[in-house]
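513 is the number of the first residue of the sequence shown in our numbering; add one for each residue after it.
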Amino acid sequence: MKTTLTKIALLGIAGAIAFALCSFTTSATTVVNPVSVNGDEYAEWNAVRAYVKENIQNQISASDKEYAKIAKMEHYSRCPSGYNSTIAGKREVVKKDADVFGTIILYKGCSSKHICDYKVCVDKNIALVKNKGDEDYVTVKEWLEKKETSTSKNSSLVKG
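Here it is as structure tokens:
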């Protein structure tokens, strides 16, 4: 009986302290970030990513016969497979009216393979790619044709 009363008393004291602490108010003012952003701050970045996906990534993946065999595990795997683009530079400098550089990488599980480098300008409707060692950018169509002819030459050289 004595311990029950002690527990009730301690619980009552704890409740009174909690009520007393919760009743205090502060007059602190919050400062809103003074930087004003018109629209979505990722709008330019997202527009460039969508342009790269539509005009480079999708064309390369559509022409890749081996890629069609890869199971797309985007939502089920810790290491999703498939083509992915990486934009070089910080988000603040990526603009639709400027040249944006980056790379296309093919992931197979957690391993990656560099496919090509790209240069795009969304406003000018420019999408160019090049191999890692090349100096000049070419259109995606020309790059794919060049890749196809080099692949067919290599396959004709290797005979079982």
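Here a beta-carbon is modelled for each residue, glycine too, at the ideal position from N, C-alpha and C. For clarity, every value in this text was computed on a predicted model and none was experimentally measured.
Cβ neighbour criterion (16 or more within 10 Å) applied to residue i
i: GLY601; result: exposed
i: TYR595; result: buried
i: TYR554; result: exposed
i: GLU556; result: buried
i: VAL612; result: buried
i: ILE572; result: buried
i: PRO546; result: Because PRO546 sits at a pLDDT of 44, beneath the cut-off of 50, its placement in the model cannot be relied upon, and the point is left open.
i: GLY524; result: exposed
i: GLY527; result: exposed
i: ILE568; result: buried
i: ILE627; result: buried
i: GLY614; result: buried
C-beta neighbour in chain C for residue i, strict 9 Å
i: GLU657; result: The question asks about chain C, but that chain is absent: this structure has only one protein chain.
Three-way DSSP call (helix, strand, coil) for residue i in this model
i: CYS633; result: strand
i: TYR563; result: helix
i: SER593; result: coil
i: LYS625; result: strand
i: LYS620; result: strand
i: VAL605; result: helix
i: GLU556; result: helix
i: LYS577; result: coil
Candidates the options: closest to residue i by CA position
i: LYS631; options: ARG590, LYS519, THR598, THR516; result: THR598
i: ASN643; options: PHE531, LEU656, ASP629; result: ASP629
i: LEU640; options: LYS514, GLU566, GLU660, LEU522; result: GLU566
i: ARG603; options: THR661, ASP552, ILE525; result: ASP552
i: ALA562; options: ILE520, LYS608, MET513; result: LYS608
i: CYS591; options: THR515, CYS622, GLU654, ALA521; result: CYS622
i: GLU657; options: HIS626, ALA532, ASP576; result: ASP576
Opposing strand residues paired with residue i [DSSP bridges]
i: ALA639; result: VAL632
i: VAL650; result: VAL641
i: THR615; result: THR598, ASP629
Any non-hydrogen atom of the ligand ZN within 8 Å of residue i CB
i: LYS653; result: Here there are no bound small molecules, and the ligand ZN is not part of this structure.
Supposed close pair residue i, residue j - CB separation, criterion 8 Å
i: ILE617; j: SER624; result: 5 Å
i: LYS620; j: SER593; result: 5 Å
i: VAL560; j: VAL606; result: 5 Å
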